[in-house]
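> Residue numbers (full-length UniProt numbering): 1 to 384.
Cβ atoms here follow ideal geometry from the backbone N, Cα and C, with glycine treated the same way.
Just so we're clear, the structure is a prediction, and the values are computed from it rather than from any experiment.
Next up is a structure, given as structure tokens.
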């Protein structure tokens, strides 16, 4: 981590995702139209530089709460979904009006996690968004709160934004919030809080600093932003947290003249398919692996063999996404399994030459092939 401003190659970035939180877009329980107009003008300025922008916009719940006169957002799922449906119409309308002043068109995209977990729908979403960008239309994305069930919710727009960034192979995600970046302690409660200008390693100390700072109308705090940053940096994509209320913040960022926190990505950028496996899919189970397997898979890029597996959790089928973890419960990554849970229980700890003897067949030598797995963390990165 670093408290000094770094000079970054931001001018080379051509495709960026901008996520704007409820704390930026709302004022006194209603949409802040001045902010919407300001951000729209900044997006147009980036367009004029030849950049492609994708907008992930919160604010539907806040807009709905205001429109139907509630004092706070409801806790019951049907009511929350209904309020979001009401507010989403107003939200997209205000963005559309603001972008029209710059002569730009917008498109509304509402997604659930299920849309991105299904490979076919994932690719369809990518093709649609790429077409909109080719047509120079601003895609405005939000979670489809009206139909999403809990198991298929993103839960917050920070992680939705990260998944969209990976989906489109964007160069950068800018996360605009009402706080100027990641601080070593909550700046709202501590006058001596220091802003971290750069984060190079996503360890437990960073998670501890993040805490949870959520406003009354938002679903995410700094913790969800760190979660999004971990996904992106694992995929080789940087993220910036900055204050969306600062004048011309998007232009300042691209000019390398901003106040905020830059999360440094891994040097090697993962493929789109590996990002989908490791950072979009939801695990159906877990495999605990020993130190030998950990070294082979994480350090040497090998496939996961049955000999290195020491424990199987939950039931899953062939082809399901499954996490693999260390014996100290550190999540290392995710992969698509070649055997179901029952069969892995029978072959764990054995050599590949013994698979047929134990199962009566041998479909694969590997439980997870290296082409079907992604390392998402290292032993000192993500302790459960």
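Would you kindly work out how many angstroms separate the C-alpha atoms of residue 292 and residue 111, rounded to a whole number?
40 Å
> Under a Cβ-count criterion, where at least 16 other Cβ atoms within 10 Å of its own Cβ denotes burial, should residue 42 be classed as buried or exposed?
buried
> Going by DSSP, name the residue or residues bridged to residue 387.
The structure shown has nothing for residue 387, since the chain only spans 1 to 384.
> Where do the ends of the alpha helix (DSSP H) carrying residue 81 lie?
77 to 100 is the span of the alpha helix (DSSP H), which, as asked, contains residue 81.
> If you scan the stretch 234 to 303 from start to end, which runs of the beta strand (DSSP E) of 3 or more residues do you find wholly inside it?
Taking only runs of at least 3 residues, the beta strand (DSSP E) segments lying wholly in the stretch 234 to 303 are 239 to 243, 260 to 263, 285 to 289.
> What would DSSP say about residue 51, mapped onto helix, strand or coil?
coil
> Within its chain, find whatever has a CB closer than 7 Å to the CB of residue 33; leave out the 5 residues flanking it on each side and keep chain order.
Counting only Cβ-Cβ distances below 7 Å, and skipping sequence neighbours, we find 94.
> With a threshold of 8 Å, establish whether the CB of residue 81 neighbours any heavy atom of the ligand MG.
The model on display carries no ligand, and the ligand MG is accordingly not part of it.
> With a Cβ-Cβ cutoff of 9 Å, do residue 175 and residue 57 count as a contact?
Cβ distance not < 9 Å, so residue 175 and residue 57 don't count as in contact.
> Ignore the nearest five residues each way along the sequence and tell me which others in residue 91's own chain have a CB closer than 6 Å to its CB.
59, 60, 63
> So, with DSSP's three-state summary, where would you put residue 182?
coil
> Below 8 Å CB to CB, which residues in the same chain sit around residue 266 once its five sequence neighbours on both sides are set aside?
233, 234, 235, 236
> Which residues mark the beginning and the end of the alpha helix (DSSP H) in which residue 335 is found?
Taken as a continuous stretch (DSSP letters only), residue 335 belongs to no alpha helix (DSSP H), being part of the beta strand (DSSP E) at 331 to 336.
> Does DSSP put residue 74 in a helix, a strand or coil?
coil
> Given a threshold of 16 other Cβ atoms within 10 Å of its Cβ, counted over all protein chains shown, does residue 312 qualify as buried or as exposed?
With 16 or more other Cβ atoms from the protein chains shown falling within 10 Å of its own Cβ, residue 312 counts as buried.
> Pick out the complete alpha helix (DSSP H) segments inside the stretch 118 to 165, 4 residues or longer, and give them in chain order.
119 to 134
> Could you tell me whether the stretch 193 to 201 touches the stretch 270 to 285, where touching means 3 or more Cβ pairs closer than 8 Å?
no
> Could you check the C-alpha separation between residue 127 and residue 375 for me, to the nearest Å?
26 Å
> Do you know offhand how far residue 314's Cα is from residue 325's?
14 Å
> Determine, using beta carbons only, whether residue 140 and residue 55 come nearer to each other than 9 Å.
yes
> Please state whether DSSP places residue 363 in a helix, a strand or coil.
coil
> Quick one, are the C-beta atoms of residue 114 and residue 121 less than 9 Å apart?
At a Cβ-Cβ threshold of 9 Å, residue 114 and residue 121 count as neighbours.
> Anyone know if the C-beta pair for residue 337 and residue 287 falls short of 9 Å?
yes
> In whole angstroms, what is the alpha-carbon distance linking residue 204 and residue 295?
21 Å
> Counting Cβ pairs, one atom from each stretch, are 3 or more of them under 8 Å apart for the stretch 243 to 253 and the stretch 342 to 358?
no
> For residue 118, count neighbouring C-beta atoms within 10 Å of its own C-beta (all shown protein chains included) and say buried if the count is 16 or more, exposed if not.
exposed
> Among all the DSSP beta bridges, which residues are the ones paired with residue 322?
285, 335
> Among the residues of its own chain, which have a CB less than 6 Å from the CB of residue 269, if the five just before and after it don't count?
If we look at residue 269 and ignore the five residues flanking it on each side, its Cβ neighbours are 236.
> So, at 7 Å on beta carbons, what are the nonlocal neighbours of residue 302 in its own chain, with the 5 sequence-adjacent residues on each side left out?
296, 370
> DSSP three-state call for residue 194: helix, strand or coil?
coil
> Once you ignore the five residues that flank residue 51 on each side, which residues in its own chain have a CB closer than 8 Å to its CB?
13, 14, 15, 16, 254
> Here's the rule I'm using: 16 or more other beta-carbon atoms within 10 Å means buried, otherwise exposed. How should residue 335 be labelled?
Buried: at least 16 other Cβ atoms inside 10 Å.
> Among 99, 137, 97, which residue has its Cα nearest to the Cα of residue 109?
137
> Can you say whether residue 263 is buried or exposed, counting buried as having 16 or more other CB atoms within 10 angstroms of its CB?
buried
> Cα separation between residue 245 and residue 299?
43 Å
> Go to residue 345, then tell me how far its alpha helix (DSSP H) extends in each direction, as first and last residue.
341 to 347
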